[in-house]
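Take the UniProt record's numbering: the final residue in the sequence shown is number 503, and no numbers are missing along the way.
Notes for the one structure printed next.
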Amino acid sequence: MTSLSRRQTLAFGLGAGLAGLAGGPADARAPDIDFTLVLVNDIYRMGPVDGRGGFPKLAAVVKAERAQGRPVLVCHAGDTLSPSLMSGIDKGRHIIELTNLIKPDVFVPGNHEFDFGQDIYLERMRAANFPVFAANLRRPDGAPVPGTSDSTILTIGGITLGVVGIALPETPAKSQSGDWVFGPAVATLAREAASLRAAGAEMVLAVCHTDRATDEALVASRHADIVLSGHDHDLALRYDGRTVFAESGHDAEYVTAIDVKAEGTGRALTWTAAFRIHDTAEVEPDPEVLAVVQRLEGDLARELDVPLGRVTNPLDTRIETVRRGEAAFGDLVADALRHAAGAEIGLMNGGGIRGNRTYPADSELTRRDVLTEMPFGNTSVLVKITGAQVLAALENGFSELGRSAGRFPQVSGLTVTVDAAAPVGKRVAEIRVGDAALDPARTYTVAANNFMLAGGNDYGMLAEGRTLVGATDGTLVANVVMSYIRANAPLTIETGRITIRRP
1 MTSLSRRQTL
11 AFGLGAGLAG
21 LAGGPADARA
31 PDIDFTLVLV
41 NDIYRMGPVD
51 GRGGFPKLAA
61 VVKAERAQGR
71 PVLVCHAGDT
81 LSPSLMSGID
91 KGRHIIELTN
101 LIKPDVFVPG
111 NHEFDFGQDI
121 YLERMRAANF
131 PVFAANLRRP
141 DGAPVPGTSD
151 STILTIGGIT
161 LGVVGIALPE
171 TPAKSQSGDW
181 VFGPAVATLA
191 REAASLRAAG
201 AEMVLAVCHT
211 DRATDEALVA
221 SRHADIVLSG
231 HDHDLALRYD
241 GRTVFAESGH
251 DAEYVTAIDV
261 KAEGTGRALT
271 WTAAFRIHDT
281 AEVEPDPEVL
291 AVVQRLEGDL
301 ARELDVPLGR
311 VTNPLDTRIE
321 TVRRGEAAFG
331 DLVADALRHA
341 AGAEIGLMNG
351 GGIRGNRTYP
361 ADSELTRRDV
371 LTEMPFGNTS
381 VLVKITGAQV
391 LAALENGFSE
401 LGRSAGRFPQ
411 VSGLTVTVDA
421 AAPVGKRVAE
431 IRVGDAALDP
441 ARTYTVAANN
451 FMLAGGNDYG
461 MLAEGRTLVG
471 ATDGTLVANV
481 VMSYIRANAP
491 LTIETGRITI
501 RRP
């Protein structure tokens, strides 16, 4: 737990939301609501999509809450430095600029805060004007990571509130956190909550970036009164009269406000909570933050025309090409996914390639070219599945031969022979992984995209094994491809991976 001086600093002016938090004793509390918590998590996009989300609308919600005249604590449950198209260019610098305008009172790093390594994490957090908490994050020698605190105590609406941050324990397997250690979530919360209560906290707030199973365990432990979380991208709210749980979806499309009213003091304190959901489709953007986003989007537009590198192959991304047979650009995407993940096999559905154009041999590809081809914002995933499940995935991919089918697989690490005359489900005549025949009983690491992992184009078998990097953990596929071209140009794509025997 942090020192007393740290607690005093937080209690008397942590951010705009904490004005007046060091209010008087319980009998001086407001007659209706003692304090409000505002939660945002997993915000990657600068602006709205279909009228919802983005930083300008989030800023308007936060500003409106802080203008209500009651104490407000704005909590950010992590995942924001990555993945986004701009983050692939500036490693999340623009996200800190935007988050500084929101000025959260509590920030807990998500796994994506470590996507660019330790040095960038430290650099970004130094540039932040908000406090960062992660009680389970340590350097290898057990020392705290610079700029990251465990917990604090503050006075809000006359209530002594202990606040603790919990980062995702599985971060090292999902990101680039190096040799830093992420301790267990429940045990860490138990330790910190006990220390906070011993120091006088009447309530304990845990702000976490943890998956749903861990969320459930944290709530069931009853160590915290309120658990605010991120990571799963769900809008999820629960209050059983004893413990509050909330997650606010993603990208500030919806922002949760929790109004807390308490009676009594110390061990006799009792409290209740009520939820309000801000649907940002109904929110006018904050003009100041909107102006910054427009400037940043202008910067991004200029950056998109920067060349990545030369590809010696002619490329054809027309619908009839990528959905009916092997395409060099599809091979390129599958290669990029496989190499970035260190996987044995890479799979990409042809329907995820959308440029519908041709590029002559020796074209210099730009970031805009790649984004045009991959516009959906899909993220990379990594799974471990059996050879039998790999075969099932390929059989699904070749089930609509002769038609332009989005499920047609573009592959890496494989050579496949397909018999077009065979019945559906029996069309794959031979598969080799590298130089060896596919072993149905062996497990293989397979890189793909989150659309496929979620069962898109009927690739649900990818989720039947073990998910190593899930939909909320991976990097934008477009950024993966950009990085691969930049690292390997001039690039010649090896083709001839899929042979279709036709009658």
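Note that the Cβ used here is the ideal one computed from N, Cα and C, for glycine as well.
Supposed close pair V164, A198 - CB separation, criterion 8 Å: Going by Cβ atoms, the distance from V164 to A198 rounds to 13 Å, so no, they are not a contact pair.
CB-CB length for L414 against V433, believed under 8 Å: Correct: roughly 6 Å between the Cβ atoms.
Alpha-carbon to alpha-carbon, D362 and T312: 4 Å
Span of the alpha helix (DSSP H) around K174: T171 to K174
When T171, S151 and D90 are compared against G110, the one with the closest alpha-carbon: T171
Burial state of P169 (16 or more Cβ within 10 Å): buried
A328 burial status per 10 Å Cβ neighbour count (16 or more: buried): So A328 counts as buried.
Residue burial classification, V49 (beta-carbon count within 10 angstroms, cutoff 16): It is exposed - the Cβ of V49 has fewer than 16 other Cβ atoms within 10 Å.
Contact under 9 Å by Cβ, T492 with E326: Not in contact: T492 and E326 (Cβ atoms no closer than 9 Å).
Beta-carbon spacing of A489, R338 below 9 Å: no
For A213 and N449, the rounded distance between their alpha carbons: 23 Å
Sequence-distant residues of its chain with Cβ nearer than 6 Å to G183 (five each side left out): N136
Sub-9 Å separation of T379 and V477 beta-carbons: Pairing T379 with V477 gives a Cβ-Cβ distance under 9 Å.
Per-residue DSSP class, three states only, for A393: helix
Through-space distance from F107 to G17, alpha-carbon basis: For G17, the pLDDT reaches just 36, beneath the cut-off of 50, and the residue's location in the model is therefore unreliable, although a value from the coordinates is still provided. Those two C-alpha atoms are separated by around 13 Å.
In DSSP terms, what residue 504 is bridged to: Absent from the model: residue 504. The displayed extent of the chain is 1 to 503, so no value can be given.
Per-residue DSSP class, three states only, for E430: Correct three-state label for E430: strand.
Classification of D119 by the beta-carbon crowding that lies within 10 angstroms, buried from 16 upward: exposed
For D458, three-class secondary structure by DSSP: helix
Option nearest M56 by Cα separation, candidates P287, H233 and I258: Before going on, a small fix: residue 56 reads as Pro here, not Met. It is P287.
C-beta atoms of A134 and I166 nearer than 9 Å: yes
In chain order, each alpha helix (DSSP H) run of at least 4 residues that lies wholly inside the region 82-161: 87-90, 93-102 and 118-126
In DSSP terms, what A64 is bridged to: Answer by DSSP bridge pairing: none, since A64 is not bridged.
Close beta carbons around G47, own chain, < 6 Å, minus the five adjacent residues each side: G54 and V293
Validate contact between the region 268-276 and the region 74-82 using beta carbons, cut 8 Å, 3 pairs: no
Sufficient close CB pairs (3 or more, under 8 Å) joining the region 248-258 to the region 278-286: yes
Range of the contiguous beta strand (DSSP E) that encloses P307: P307 to V311
P409, enclosing beta strand (DSSP E) - first and last residue: P409 to S412
C-alpha gap between D215 and F114, whole angstroms: 21 Å
The region 439-457 in contact with the region 468-475 per 3-pair CB rule at 8 Å: yes
Counted within 10 angstroms of its Cβ, other Cβ atoms place V383 as buried (16 or more) or exposed: buried
Contacting residues, own chain, Cβ-Cβ under 6 Å from K261 (five flanking each side not counted): I33, D34 and T272
Spatially closest choice to P314 from A190, A343, G157 and L365, by CA coordinates: L365
Under the three-state DSSP convention, the category I319 falls into: helix
Cβ shell of E400 (< 8 Å), same chain only, five flanking positions each side left out: R407 and F408
Limits of the beta strand (DSSP E) - the one that T256 falls within: Y254 to E263
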